[in-house]
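Accompanying notes for the structure given below.
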Amino acid sequence: MKIKQKQLGIISYLLHQPVSKNFDAKRIFQFAKAANDIKQKLDALNTTEMNVGRKYIENFDGTFKQNQHKEFQLFNEEMKEIYEQEIEILDIPKFRLNEWKDLNLTSFQLAELIDLGIIIEE
Numbered sequence: 000m001k002i003k004q005k006q007l008g009i010i011s012y013l014l015h016q017p018v019s020k021n022f023d024a025k026r027i028f029q030f031a032k033a034a035n036d037i038k039q040k041l042d043a044l045n046t047t048e049m050n051v052g053r054k055y056i057e058n059f060d061g062t063f064k065q066n067q068h069k070e071f072q073l074f075n076e077e078m079k080e081i082y083e084q085e086i087e088i089l090d091i092p093k094f095r096l097n098e099w100k101d102l103n104l105t106s107f108q109l110a111e112l113i114d115l116g117i118i119i120e121e
């Protein structure tokens, strides 16, 4: 499955939710493998963000302060290509919302996961 790097966060959020009791062992295992794959890729992205951030702010802690607009813009310009880069991830099992009733998503997260084809519309 191909996604953009900037979509790693939403998939990571999904894969860290308690798995539905409606899923069989095979699906649960697929979710566990995918979660491990996403974690490795997200760790690499986070390391990149920290190192790029330190180019603009010496003691960069992962967040920009209100008075650091210029640094934030430079950071975003440099990271844009990375965020838009397509990467290959392990396939995530598709499911319908009625199979995972206790899944708590915002409307944005839901729309993104539907667009990615992970959540199948009813």
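Position 58 (the sequence shown) corresponds to 57 in numbering that gives the first Met the number 0; numbering is contiguous. Even glycine gets a Cβ: it sits at the ideal position worked out from N, Cα and C.
Simplified DSSP assignment, three categories, for residue i
i, result
"F63", "coil"
"I118", "strand"
Contacts around residue i, its chain only, beta-carbon distance under 6 angstroms, and the 5 residues preceding and following it disregarded
i, result
"F71", "F63"
Residues that DSSP places opposite residue i in a beta bridge
i, result
"I9", "I9 pairs with nothing; no bridge assigned."
"F94", "I118"
"E77", "DSSP lists no partner for E77."
"I86", "I2"
Cβ neighbours of residue i in the same chain (closer than 8 angstroms, five flanking residues each side left out)
i, result
"L44", "Q4, L7, I81"
Nearest candidate by alpha-carbon position, reference residue i, set the options
i, options, result
"P17", "I113, D114, D36, L104", "L104"
Buried versus exposed call for residue i [16 or more other C-beta atoms within 10 Å across all chains shown]
i, result
"G130", "Outside the shown range of the chain, which is 0 to 121, sits residue 130, and nothing can be said about it."
"I119", "exposed"
"K40", "buried"
"E111", "buried"
"F74", "buried"
"A24", "exposed"
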